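*Asks:* One structure, as structure tokens, below. Some questions next.
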């Protein structure tokens with residue numbers, strides 16, 4: 020997929036394009052969250068902004084701050100690592116429930132060589148830590164994380180992108196009638 024990304028960027032596609040139906044991420048948000056190092060390097064080479072904020076105020080640098088796999092790429096370009104408290108406030112990290120902690124402990128016992136999850140900062144997601152990266156274990160609607168966010172005085176626009184939306188399956192078949200209704204029959208490639 021990096022070759023396709025390179026082709027698009029070399030063909031003058033803007034790395035600042037945002038998805039319109041969701042949290043308004045840039046491609047760099049997605050690449051950092053999914054720990055796609057080559058894609059992050061390429062996007063940053065084409066002047067993607069690691070400080071662009073989505074509707075909830077989350078930046079690509081926030082996502083990269085949780086990952087040892089991509090953080091060095093951002094640091095080499097002058098980004099500052101975001102503190103843990105800020106990551107929790109923005110919803111990038113969240114407190115783990117006791118059942119999730121038990122699940123993580125079982126996984127650690129089954130495969131001891133995998134002391135940390137792929138690329139995650141050990142301090143944040145080590146066995147026994149009370150924090151996990153939200154992309155791996157998103158808060159469920161009605162959970163204390165969602166309820167506390169609602170009560171914190173944030174605007175409805177900030178809550179709308181994560182709360183109540185279903186996970187996106189990129190391999191899922193699209194309903195052609197729905198696509199035609201929403202897009203007027205036109206399709207576009209947006210990153």
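Residue numbers (my numbering): 20 to 210.
Note that the Cβ used here is the ideal one computed from N, Cα and C, for glycine as well.
Model, not experiment: these values are computed from the prediction.
Looking only at its own chain, which residues have a Cβ that is under 6 angstroms from the Cβ of residue 54, when we skip the five neighbours before and after it?
*Replies:* The residue you call residue 54 lines up with position 35 of the chain shown. Closer than 6 angstroms at the Cβ level, and outside the excluded window around residue 54, lie 86, 88, 89 and 138.
*Asks:* Assuming residue 61 contacts residue 96 (C-beta within less than 8 angstroms), just tell me the rounded distance between them.
*Replies:* In the chain shown, residue 61 corresponds to position 42, counting from 1. In the chain shown, residue 96 corresponds to position 77, counting from 1. Residue 61 to residue 96, Cβ: 12 angstroms. No contact.
*Asks:* Shortest alpha-carbon distance to residue 94 belongs to which of 75, 77 and 56?
*Replies:* Along the chain shown, one-based indexing puts residue 94 at 75. Checking every option, the nearest Cα to that of residue 94 belongs to 56.
*Asks:* Within a Cβ cutoff of 8 angstroms, which residues of the same chain sit near residue 92, ignoring the five residues on either side of it in sequence?
*Replies:* Taking the chain shown and counting its residues from 1, the one referred to as residue 92 is at position 73. Hits under 8 angstroms: 56, 59, 60, 63 and 83.
*Asks:* Less than 8 angstroms between the CB atoms is what I'm expecting for residue 111 and residue 81, so what's the real figure, rounded?
*Replies:* Position 92 of the chain shown, counting from 1, holds the residue named residue 111. Position 62 of the chain shown, counting from 1, holds the residue named residue 81. With 8 angstroms as the limit, residue 111 and residue 81 qualify as a contact, their Cβ atoms being about 5 angstroms apart.
*Asks:* Roughly how many angstroms separate the alpha carbons of residue 43 and residue 79, rounded to a whole number?
*Replies:* Here residue 43 refers to the residue found at position 24 of the chain shown. Here residue 79 refers to the residue found at position 60 of the chain shown. Rounded to the nearest angstrom, the two C-alpha atoms are 12 angstroms apart.
*Asks:* Since residue 98 contacts residue 69 with CB under 8 angstroms, what's their CB separation in whole angstroms?
*Replies:* As a working note, residue 98 is residue 79 in the chain shown. As a working note, residue 69 is residue 50 in the chain shown. Contact flag correct, Cβ pair sits at about 5 angstroms.
*Asks:* Which residues mark the beginning and the end of the beta strand (DSSP E) in which residue 113 is found?
*Replies:* Indexing the chain shown from 1 puts residue 113 at position 94. Residue 113 -> beta strand (DSSP E) spans 112-114.
*Asks:* Smallest Cα separation from residue 67: which of 22, 33 and 39?
*Replies:* As a working note, residue 67 is residue 48 in the chain shown. That would be 33, whose Cα lies nearest to the Cα of residue 67.
*Asks:* Per DSSP, what kind of secondary structure is residue 183 in: helix, strand or coil?
*Replies:* To locate residue 183, count along the chain shown from 1; it is residue 164. Bear in mind that the predicted position of residue 183 carries a pLDDT of just 45, short of 50, making it too unreliable to give a figure here.
*Asks:* In whole angstroms, what is the alpha-carbon distance linking residue 30 and residue 75?
*Replies:* Position 11 of the chain shown holds residue 30. Position 56 of the chain shown holds residue 75. If you take the alpha carbons of residue 30 and residue 75, they lie about 30 angstroms apart.
*Asks:* Less than 7 angstroms between C-beta atoms, sequence neighbours within five positions excluded: which residues of the same chain meet that for residue 21?
*Replies:* Within the chain shown, numbered from 1, the residue matching residue 21 stands at position 2. Cβ within range, chain order: 57, 58 and 61.
*Asks:* In the structure shown, what three-state DSSP assignment does residue 84 receive?
*Replies:* Start at 1 with the first residue of the chain shown, and residue 84 comes out as number 65. Looking at residue 84 - three-state DSSP - the assignment turns out to be helix.
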